[in-house]
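To keep things clear, I will list the structure first and then write my remarks on it.
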Amino acid sequence: MFVLVLMEDCLAKKMEITVSEAEKRTGRNAMNMQETYTAYLIETRAVESQNEGQCSPVDSLWRRYSEFELLRNYLLVTFPHIVVPPLPEKRADFVWHKLSADNMDPDFVERRRIGLENFLLRVASHPVLCQDKIFYSFLTQEGGWKEMVNETGFQLKADSRLKALNATFRVKNPDKRFTELKHYSDELQSVISHLLRVRARVADRLYGVYKVHGNYGRVFSEWSAIEKEMGDGLQSAGHHMDVYAASIDDILEEEEHYADQLKEYLFYAEALRAVCRKHELMQYDLEMAAQDLTSKKQQCEELATGTVRTFSLKGMTSKLFGQETPEQREAKIKVLEEQIQEGEEQLKSKNLEGRDFVKSAWADIERFKEQKNHDLKEALISYAVMQISMCKKGIQVWTNAKECFSKM
Amino acid sequence: FLTSEFDLPEYSVRRRYQDFDWLRNKLEESQPTHLIPPLPEKFVVKGVVDRFSEEFVETRRKALDKFLKRITDHPVLSFNEHFNVFLTAKDLNAYKKQGMALLSKMGESVKYVTGGYKLRSRPLEFAAIGEYLDTFSLKLGTIDRIAQRIIKEQLEYLVELREYGPIYSTWSGLEVELSEPLEGVSACIGNCCTALEELSEDMTDDFLPVLREYILYSESMKNVLKKRDQVQAEYEAKLEAVALKKEDRPKVPTDVEKCQDRVECFNADLKADMERWQNNKRQDFRQLLMGMADKNIQYYEKCLTAWESIIPLLQDKPETK
Chain F
247 MFVLVLMEDC
257 LAKKMEITVS
267 EAEKRTGRNA
277 MNMQETYTAY
287 LIETRAVESQ
297 NEGQCSPVDS
307 LWRRYSEFEL
317 LRNYLLVTFP
327 HIVVPPLPEK
337 RADFVWHKLS
347 ADNMDPDFVE
357 RRRIGLENFL
367 LRVASHPVLC
377 QDKIFYSFLT
387 QEGGWKEMVN
397 ETGFQLKADS
407 RLKALNATFR
417 VKNPDKRFTE
427 LKHYSDELQS
437 VISHLLRVRA
447 RVADRLYGVY
457 KVHGNYGRVF
467 SEWSAIEKEM
477 GDGLQSAGHH
487 MDVYAASIDD
497 ILEEEEHYAD
507 QLKEYLFYAE
517 ALRAVCRKHE
527 LMQYDLEMAA
537 QDLTSKKQQC
547 EELATGTVRT
557 FSLKGMTSKL
567 FGQETPEQRE
577 AKIKVLEEQI
587 QEGEEQLKSK
597 NLEGRDFVKS
607 AWADIERFKE
617 QKNHDLKEAL
627 ISYAVMQISM
637 CKKGIQVWTN
647 AKECFSKM
Chain G
23 FLTSEFDLPE
33 YSVRRRYQDF
43 DWLRNKLEES
53 QPTHLIPPLP
63 EKFVVKGVVD
73 RFSEEFVETR
83 RKALDKFLKR
93 ITDHPVLSFN
103 EHFNVFLTAK
113 DLNAYKKQGM
123 ALLSKMGESV
133 KYVTGGYKLR
143 SRPLEFAAIG
153 EYLDTFSLKL
163 GTIDRIAQRI
173 IKEQLEYLVE
183 LREYGPIYST
193 WSGLEVELSE
203 PLEGVSACIG
213 NCCTALEELS
223 EDMTDDFLPV
233 LREYILYSES
243 MKNVLKKRDQ
253 VQAEYEAKLE
263 AVALKKEDRP
273 KVPTDVEKCQ
283 DRVECFNADL
293 KADMERWQNN
303 KRQDFRQLLM
313 GMADKNIQYY
323 EKCLTAWESI
333 IPLLQDKPET
343 K
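Top line first, the protein sequences correspond to chains F and G. Oh and the first sequence: position 176 is 422 in the numbering used here, straight run, nothing missing. Oh and the second sequence: position 144 is 166 in the numbering used here, straight run, nothing missing.
Below, the structure is given as structure tokens:
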């Protein structure tokens with residue numbers, strides 16, 4: 247789809263990856279009910295250096311969409327600081343009336359095949375992601391891959407949605423850049439969705455305009471039957487009207503590729519959002535830990551000096567039922583001091599973690615921005631080229647028709 | 023108050039639509055054996071069409087101009103007295119009133135007042151003309167509906183395009199490096215909208231009215247055919263009446279002879295007019311359809327220019343910061 251800019255030492259340079267075929271399968275699902283699904287053939291081949299003239303063998307295995315999803319979820323959890331490439335849509339969305347919304351539709355399957363290949367290429371050309379063993383196994387190891395992924399226990403590491411939402415609302419000092427990025431990705435999602443929706447309507451209407459012209463073909467033919475000198479001109483002009491009406495099918499099919507390119511970045515916006523969310527979560531975690539530490543320190547101080555600055559139930563009960571013994575107090579202070587030390591170490595490492603995260607996330611975000619600008623520019627250029635081609639076809643057809651009319 | 027001015031070498035007069043209507047009626051009355059060109063539609067639904075809009079007036083003017091040119095080109099109609107007066111009289115209304123008086127005095131009207139004679143069968147060549155006109159006006163009606171439908175679809179397409187273009191502009195506001203390219207695409211789509219609007223307007227103003235004119239033309243021609251039938255029927259009836267009298271008349275009575283003359287004149291005039299009409303029709307439609315093709319070509323050329331012009335903008339590499 248896009249011309250990928252390949253980084254050094256990435257897998258894509260060493261290995262040719264294609265999703266070459268799609269096949270309908272039937273099987274039994276988890277609830278032992280029969281289901282139909284599509285399987286995709288992934289073919290890989292080591293890239294030979296130019297000196298050797300040998301052609302290495304092609305390895306291949308079949309995967310279905312749900313396995314791709316599993317892979318992506320693994321990558322999301324394992325590399326939260328990376329903007330993970332998105333998968334093509336699960337269900338057909340933003341369709342105009344002629345396109346089928348059916349997942350089994352051959353055109354949809356074909357476009358999904360291309361999208362899945364694109365996904366694999368994007369991961370393989372990412373400097374960090376391409377080195378992952380699970381990803382490599384996905385491409386090369388047919389059996390036991392699912393078990394291997396689950397053994398990593400990544401699902402346990404996944405942050406809960408609720409936790410993330412909570413953090414979003416309560417975090418006090420997120421990095422400003424991430425806040426801006428969050429707004430950007432929200433707006434990007436919104437504008438691309440709108441664009442895709444209206445584009446589908448535009449396609450629908452354009453289809454109508456072209457198809458109605460086909461009626462001219464028929465009526466010119468009927469009319470030519472009663473004419474003498476005008477007959478031939480009318481008849482042949484009618485033929486060109488038929489050609490015109492038929493041309494819209496190919497034109498709109500090509501435009502779907504443009505829509506797919508936009509969709510990829512619609513979904514990429516969600517991946518950007520995920521990185522921002524992770525940052526908010528980490529920042530919130532940090533803030534909570536710092537808060538906890540502060541309160542423990544305070545408690546310790548109060549116990550040591552005997553002043554009660556903060557209200558506590560313990561404080562009240564001890565007032566009512568008598569102070570605790572010095573030994574008890576000592577014990578408490580010790581426990582707290584241990585906790586404080588632990589807490590300070592934890593805070594240190596969390597701080598470090600947070601800074602590392604921001605640094606590496608931001609590096610990937612910069613890489614992503616460049617990729618996005620490059621890809622979308624290419625998409626716009628190819629869209630303009632499509633429009634130019636459509637205009638030229640239109641001029642050709644009407645010029646031909648005009649010539650026929652001139653011979654009337 | 024519709025006015026039309028047309029330049030003749032010597033005269034320049036002002037006329038309203040109803041004057042044209044009067045002229046046409048007069049021509050039909052005084053030259054019943056000829057095909058009189060049609061006028062643009064008389065009645066327009068108030069509120070739907072703005073009778074004073076520039077487009078409507080211009081469309082009507084062109085049609086009225088065509089009407090006069092067709093009469094001018096006709097070897098018989100162009101010499102018609104009423105036509106002459108129409109073109110030259112300063113006060114047409116006075117002539118109109120006078121004309122009414124003259125009519126009653128001199129019985130100028132060559133009105134073929136035929137009293138319900140029924141023709142047994144139309145001669146082949148006129149039957150063929152009748153059939154041709156039937157099919158012809160039918161096909162034109164279909165083309166009219168198709169053209170209207172296309173215009174409607176184009177306008178609906180335009181509505182969507184008008185929403186589509188600005189979204190690129192909104193997006194442009196979110197971006198930095200992509201800002202200019204996206205804005206460029208937005209402007210480009212805007213240009214295509216303008217071009218499409220012009221195409222639809224042209225089709226409405228120039229294409230549809232001519233089609234409708236020819237449909238009206240066919241209708242009036244079919245009426246002339248019927249009149250011809252009437253004249254022939256009268257002749258045949260009178261001839262039959264004479265034959266039935268069983269008198270051994272060596273000579274046919276004069277009024278029957280006159281009928282025969284009338285039939286033969288009518289047939290000759292009509293045949294000549296049909297030939298002329300066919301020729302003109304061919305040229306008119308050639309011009310009309312070539313015009314339609316031309317407008318579509320121009321539309322696509324405008325869009326092509328717009329899209330070609332933004333390619334360099336899209337390919338432009340920004341200066342490295």
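Heads up, the beta-carbon is just placed ideally off N, CA and C, and yes, glycines get one too.
### Message
Could you tell me the alpha carbon to alpha carbon distance between R358 (chain F) and N349 (chain F), rounded to whole angstroms?
### Response
10 Å
### Task
May I ask you to report which of helix, strand or coil DSSP gives S541 (chain F)?
helix
### Task
Under 8 Å by Cβ, that's how I've got P60 (chain G) and Y239 (chain G) pegged, so tell me the actual separation to the nearest angstrom.
5 Å
### Query
When burial is assigned at 16 or more other CB atoms within 10 Å of the CB, is A315 (chain G) buried or exposed?
buried
#### Entry: DSSP state of Q53 (chain G) mapped onto helix, strand, coil
Note: Q53 (chain G) maps to coil in three-state DSSP.
### Query
When the Cα atoms are used, what is the spatial distance from K112 (chain G) to K118 (chain G)?
12 Å
### Task
State the DSSP-derived secondary structure class of K324 (chain G), mapped to helix, strand or coil.
helix
### Task
Give every residue of the same chain whose Cβ lies closer than 6 Å to the Cβ of L532 (chain F), excluding the five residues on either side of it in the sequence, and list them in chain order.
K596 and G600
### Task
Kindly indicate the opening and closing residues of the alpha helix (DSSP H) around K270 (chain F).
Note, K270 (chain F): premise wrong, no alpha helix (DSSP H); beta strand (DSSP E) at M261 to R274.
### Query
Who are the Cβ neighbours of E649 (chain F) in its own chain at under 7 Å, not counting the five residues just before and after it?
none
### Query
With a cut-off of 7 Å, does the C-beta of S190 (chain F) fall near any C-beta of chain G?
An answer regarding residue 190 (chain F) cannot be provided, because it is not within the stretch 247 to 654 covered by chain F.
### Message
When you compare the stretch 413 to 430 of chain F with the stretch 518 to 532 of chain F, are there three or more beta-carbon pairs, one atom per stretch, that lie closer than 8 Å?
### Response
yes
### Message
Counting C-beta neighbours from all protein chains within 10 Å, is the total for G589 (chain F) 16 or more, i.e. buried, or is it exposed?
### Response
buried
### Message
Quick check on R167 (chain G): buried or exposed, where buried means 16 or more other Cβ atoms within 10 Å of its Cβ?
### Response
exposed
### Query
Does the stretch 87 to 105 of chain G touch the stretch 39 to 50 of chain G, meaning 3 or more C-beta pairs lie closer than 8 Å?
yes
#### Entry: Min CB distance Q176 (chain G) to chain F below 7 Å
yes
### Query
Which residues in the same chain have their Cβ closer than 7 Å to the Cβ of T55 (chain G), if we skip the five residues on either side of it in sequence?
C287, F288, D291 and L292
### Task
Look up A292 (chain F) in the DSSP assignment and give the residues it is bridged to.
The beta-bridge partner set that DSSP reports for A292 (chain F) consists of F:M261.
### Query
How would you label A647 (chain F), buried or exposed, when you count the other beta carbons within 10 angstroms and need 16 or more for buried?
buried
### Query
Can you tell which of G:C325, G:S331, G:T276 and G:T164 has the C-alpha that lies nearest to the C-alpha of L230 (chain G)?
G:T164
### Message
Cβ closer than 9 Å: which chain G residues qualify as neighbours of V455 (chain F)?
### Response
I172, E175, Q176, E178 and Y179
### Task
Please confirm whether K403 (chain F) and V329 (chain F) have their CB atoms less than 7 Å apart.
no
### Nearest-angstrom Cα separation, counted from E388 (chain F) out to N396 (chain F)
Their backbone Cα atoms lie some 15 Å apart in a straight line.
### Message
Do C256 (chain F) and S371 (chain F) have their beta-carbon atoms positioned less than 7 Å apart in this structure?
### Response
yes
#### Entry: Per-residue contacts from L326 (chain G) into chain F (C-beta, under 8 Å)
Against chain F, the beta carbon of L326 (chain G) has neighbours under 8 Å at I634, C637, K638 and I641, listed in chain order.
### Run of the alpha helix (DSSP H) containing R167 (chain G), from where it starts to where it stops
L146 to L196
### Any C-beta of chain F under 7 Å from that of Y154 (chain G)
yes
### Presumed contact (8 Å Cβ cut-off) between F365 (chain F) and F314 (chain F), rounded CB distance
7 Å
### Task
Please check if any C-beta of chain G sits within less than 7 Å of the C-beta of T264 (chain F).
With 7 Å as the cut-off, T264 (chain F) does not count as an interface residue toward chain G.
### Query
For the stretch 305 to 330 of chain G, which residues have a beta carbon sitting closer than 7 Å to at least one beta carbon of chain F?
If the cut-off is 7 Å between Cβ atoms, the stretch 305 to 330 of chain G has F307, R308, L311, M312, A315, D316, N318, I319, Y322, E323, C325, L326, W329 and E330 near chain F.
### Query
Going along chain G in order, which residues have a C-beta closer than 8 Å to the C-beta of I627 (chain F)?
The answer, in chain order, is I333, L336 and Q337.
### Task
Could you check what DSSP says for D283 (chain G) in three-state terms: helix, strand or coil?
helix
### Simplified DSSP assignment, three categories, for Y286 (chain F)
strand
### Any C-beta of chain F under 7 Å from that of K161 (chain G)
yes
### Task
Using a Cβ-Cβ cut-off of less than 7 Å, list which residues of the stretch 178 to 201 of chain G approach chain F; keep chain order.
E178, Y179, E182, L183, E185, Y186, I189, T192, W193, L196, E199 and L200
### Reduced DSSP category for L261 (chain G) - H, G, I as helix; E, B as strand; rest coil
helix
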